Amino acid sequence: MHLNDPHLKRLTPPKLTLAEKWYLPQIADGLGVTAKHMAGVVFRNKVFTMEYPEEQHVPSPNYRGVHRLNKDEQGRVKCVACMLCATACPAHCIDIVGATAPETWPDREKYCESFVIDELRCIYCGMCEEACPVEAIELTGFYDLTGLSREQMIFDKAKLLSVFDATKDAEPMRFSLPPQPAAASTPEQRTSETG
Amino acid sequence: MATIIINGEEHTLPEGEKLNAIQLALRVGVDIPYYCWHPALSVVANCRMCEIEVGSKDPKTGEIKMIPNKLVPACQTPAKDMTVLVTNSPKVKAHQRMVMEYLLINHPLDCPVCDQAGECGLQDYSYEYGQAIHRFVEERNVNPRKDVSDLIQLNQDRCIMCTRCVRFTREITQTGELQVMRRGSHAEIDIFPGHPVDNPLAGNVVDLCPVGALLDKDFLHKQRVWFLSKHDSLCTRCSTGCNVSAEENRGALWRFKPRFNPHVNDYWICDEGRASYKTANDLALLAAMYVRQDGDLRLVPIDQALNAAGRGLARAAESGGTIAGVMSPFLTVEEAYLMASYLKGLSPASVLALGPVPTRGEDLTIQPDQHKGRTGDTSFIVARPFTIRAEKCPNRRGVEAVLEHFQGEVIGFDDLLRRAKAGEFQALYIVSDAIDPWIGEAEARELRDKVEFLVMQDTQVTTLAELADVVLAGATFAEKAGCYVNADGRLQYAEAALPPRDGSLPDLDLLAILLGRGRGPVHSRDILAELAQMVPAFAVAEGGKIPAFGIVLEQPEPVGPGVPFADPWTQPRGLKGDRPGETSPKGSRNA
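Chains as they are written, first to last, in the numbering used here: chain A, 497 to 691; chain B, 9 to 599.
In structure tokens:
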């Protein structure tokens, strides 16, 4: 937009009153808020700071922390290597190598041979979770992520699966079964109805 | 002048072409969806997707009469004078929705694991012409995947029975390995036990398949197609020079797909060519430049290696010795031109020779069945043969044309080898870029002993490179842009698909630096323009411009038959503005 664009709206800042020009009333107001909080701590035991690490913060259920790779009922990685998360990722931090599923997995066509997330590059936007068609990747509430080198912060498939093992009790998978449509009945029900 | 009326708009028919309604509508920017129709195959009209309302206009009274009560397959409807086509009426749209629902009845919802996703006719047409609901509540047919050959996998439950693959093996290769077995909803594509689809063009059934039923096992589950960037390249595996699209992601080639060229390869490529992309991904390619110092090859920066090569060759020329240059048939014409002008510039007595021309077996010509009906592509009414050449290099004729201009004759490699062994040459500059080994170890050592100074420019680590004084790392076919002349004398342009690998430079740049042509990269188009000016044989490439289908050196034809063709689902979407409601640059689409 150019400076002399006719759609530009020009605003003038409001004029200060005498009291505002003096500033002292505003300072007194601010100090009043501080005094109220101090009184709350002293007399009503209302403490806001948390004694971390002795005391652990529990984030809200939709907090977006470290990723995990979910496992299905048989303990296999749920990921089908469709690479939709890598496509959706705005930070390009996901690297997947797909492969044909082993012969012993008759219900599966494809799986991820390698699944690497660069946790340093990730912006924790949660787009991968949104894009995943099989609920294989989820962001956990795990937030205190530390490492001593950049290499440590590049999570491979084994590490991402171990995040699942560590967090699955606290945060169960959001969908363990595909959601059933309300109207359609399962085949078993139908055969019992007709036969 | 013949006119045709599509959706109320009058269009002029192209002169002298017999088109069907699909092809004609495509020319004027109206999409008629189709699956089973292909310009090179007979019309079966069994997918029912292209059905439209057809009628005719009386030229005298101007009255329009439509065929009452029914829709007609557009693939079977010839575009004649005064034909009236309606492709966007509510009746046609309802029919398209119905056909899409029917085709998707047994189709599994496995787009996330299907390799076709992103270039799938079902995905695209389901979005554009289908409907979001699915009323089929019975269990879907489940049909396990099976192998129809060592290279091709068939996922039968994804198949929509368009029978393009069956018609390809019957009409084009005439091997007939594939057929439809059983009937109705049990119908499936299959082979006879023990007779896999192993003809030399077998891989094309994968390209023909509009859905993910037939898949290339070489590409299976490796990449998603929307990650691949396509480059208009040429296959260098034989001298036919098939037009291919080289598809690259993350600095590696992943596959070749054929590109339509009615003068060379039509819609096909052979399996050997299809697999030849792998040579560009070879990890053992020459990755640095070397200069021999105190008897050992030492790794040096590119400029030092080039200086050493230039100094050595110039010294040989100054001391009155003869320089010999070997120009391999894997070079582009631009590179051959620069190399010839470089060596002839050093000393007019320099000897230039054609490098070894690899041949294997005999030419194999596949003659399609002439008696099967084809529509749509007039140039394919008489099906053209497809030839796999025995000459396994892309540019023998181009290099020969350059050699003939510079020294009036073409010296073969054997001839040069004989003269080199006789001690005739003081310095030897070999540019190879060949894929297969072409000289034995003993012969290489003998050759080395007879010349004082040897410069080897190559992509492979060979015996001759280990013996050379200067080793320059050149480019593979995928890393260089330039023109090749195929066995029919057609000059065609190939784009570079990959950046030069670390430690190497494209041959064109190496030669330009040796020639001292100034700083910065050189463009093959500029060199080609110069070549067209200097060498009469290449005069047709004036200004460095070559038409899309290439141009024959000896007898330039005005404009060849055929319009670029590709199935719509293989084209990148989202760029054309062809979503419903958006304005399309092509005009009246989705009106």
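For every residue, glycine included, the Cβ atom is placed at its ideal position computed from N, Cα and C.
Computed from a predicted structure; not experimentally measured.
Residue i, DSSP secondary structure in three states
i              : result
residue 215(B) : helix
residue 110(B) : helix
residue 612(A) : strand
residue 383(B) : Since pLDDT at residue 383(B) reaches only 46, below the 50 mark, its modelled position is unreliable, and the value read off the structure follows with that caveat. Three-state result, residue 383(B): coil.
residue 490(B) : strand
residue 623(A) : helix
residue 652(A) : coil
residue 275(B) : coil
residue 471(B) : helix
residue 500(B) : strand
residue 663(A) : helix
residue 253(B) : strand
residue 304(B) : strand
residue 103(B) : helix
residue 16(B)  : coil
residue 205(B) : coil
residue 465(B) : strand
residue 2(B)   : The shown model of chain B, from 9 to 599, leaves out residue 2(B), and the question about it has no answer.
residue 221(B) : coil
Buried or exposed (CB count within 10 angstroms, at least 16 for buried), residue i
i              : result
residue 497(A) : exposed
residue 639(A) : exposed
residue 46(B)  : buried
residue 530(A) : exposed
residue 89(B)  : exposed
residue 499(A) : exposed
residue 69(B)  : exposed
residue 135(B) : exposed
residue 536(B) : buried
residue 467(B) : buried
residue 81(B)  : buried
residue 368(B) : exposed
residue 517(B) : buried
residue 518(A) : exposed
residue 537(A) : exposed
residue 383(B) : Reliability fails at residue 383(B), whose pLDDT of 46 lies under 50, so the model's placement of it is uncertain and the value that follows must be treated cautiously. The residue is buried, with at least 16 neighbouring Cβ atoms inside 10 Å.
residue 141(B) : exposed
residue 274(B) : buried
residue 262(B) : buried
The alpha helix (DSSP H) enclosing residue i, as first and last residue numbers
i              : result
residue 315(B) : 310 to 326
residue 570(A) : Unbroken run through residue 570(A): none, as it is neither H nor E.
residue 198(B) : No alpha helix (DSSP H) holds residue 198(B); the beta strand (DSSP E) holding it covers 196 to 199.
residue 288(B) : Residue 288(B) -> no alpha helix (DSSP H), and no H or E assigned at all.
residue 404(B) : 404 to 415
residue 59(B)  : Taken as a continuous stretch (DSSP letters only), residue 59(B) belongs to no alpha helix (DSSP H), being part of the beta strand (DSSP E) at 59 to 65.
residue 30(B)  : 29 to 35
residue 238(B) : Element bounds for residue 238(B): not the alpha helix (DSSP H) but the beta strand (DSSP E), 237 to 242.
residue 515(A) : 514 to 518
Inter-residue CB distance, residue i and residue j (contact presumed, cutoff 8 angstroms)
i              : j              : result
residue 331(B) : residue 321(B) : 6 angstroms
residue 252(B) : residue 237(B) : Between residue 237(B) and residue 252(B) the Cβ distance is about 14 angstroms, and since that is not below 8 angstroms, they are no contact.
residue 266(B) : residue 212(B) : 7 angstroms
residue 224(B) : residue 214(B) : 5 angstroms
residue 617(A) : residue 589(A) : 4 angstroms
residue 473(B) : residue 294(B) : 7 angstroms
residue 515(A) : residue 509(A) : Between residue 509(A) and residue 515(A) the Cβ distance is about 17 angstroms, and since that is not below 8 angstroms, they are no contact.
residue 334(B) : residue 361(B) : 5 angstroms
residue 563(A) : residue 630(A) : Going by Cβ atoms, the distance from residue 563(A) to residue 630(A) rounds to 15 angstroms, so no, they are not a contact pair.
Range covered by the beta strand (DSSP E) that runs through residue i
i              : result
residue 266(B) : 260 to 266
residue 333(B) : 331 to 335
residue 300(B) : 297 to 301
residue 43(B)  : Careful: residue 43(B) lies outside any beta strand (DSSP E) and carries neither H nor E.
residue 358(B) : It is not in any beta strand (DSSP E) - residue 358(B) carries neither H nor E in the DSSP assignment.
residue 481(B) : 478 to 481
residue 228(B) : Careful: residue 228(B) lies outside any beta strand (DSSP E) and carries neither H nor E.
residue 74(B)  : 72 to 74
residue 92(B)  : 91 to 94
Fully enclosed by the segment 427 to 463 of chain B, which beta strand (DSSP E) runs are 3 residues long or longer?
-> Whole beta strand (DSSP E) segments, 3+ residues: 435 to 439.
Fully enclosed by the segment 505 to 586 of chain B, which alpha helix (DSSP H) runs are 4 residues long or longer?
-> If we require 4 residues or more, the alpha helix (DSSP H) runs fully inside the segment 505 to 586 of chain B come out as 515 to 523, 532 to 542.
Any chance you could list the beta strand (DSSP E) runs of at least 3 consecutive residues sitting entirely within the segment 115 to 201 of chain B, in chain order?
-> Counting whole runs of 3 or more residues, the segment 115 to 201 of chain B contains the beta strand (DSSP E) stretches 160 to 162, 186 to 189, 196 to 199.
Pick out the complete beta strand (DSSP E) segments inside the segment 530 to 591 of chain A, 3 residues or longer, and give them in chain order.
-> Given a length threshold of 3 residues, each whole run of the beta strand (DSSP E) inside the segment 530 to 591 of chain A is given here in chain order: 563 to 565.
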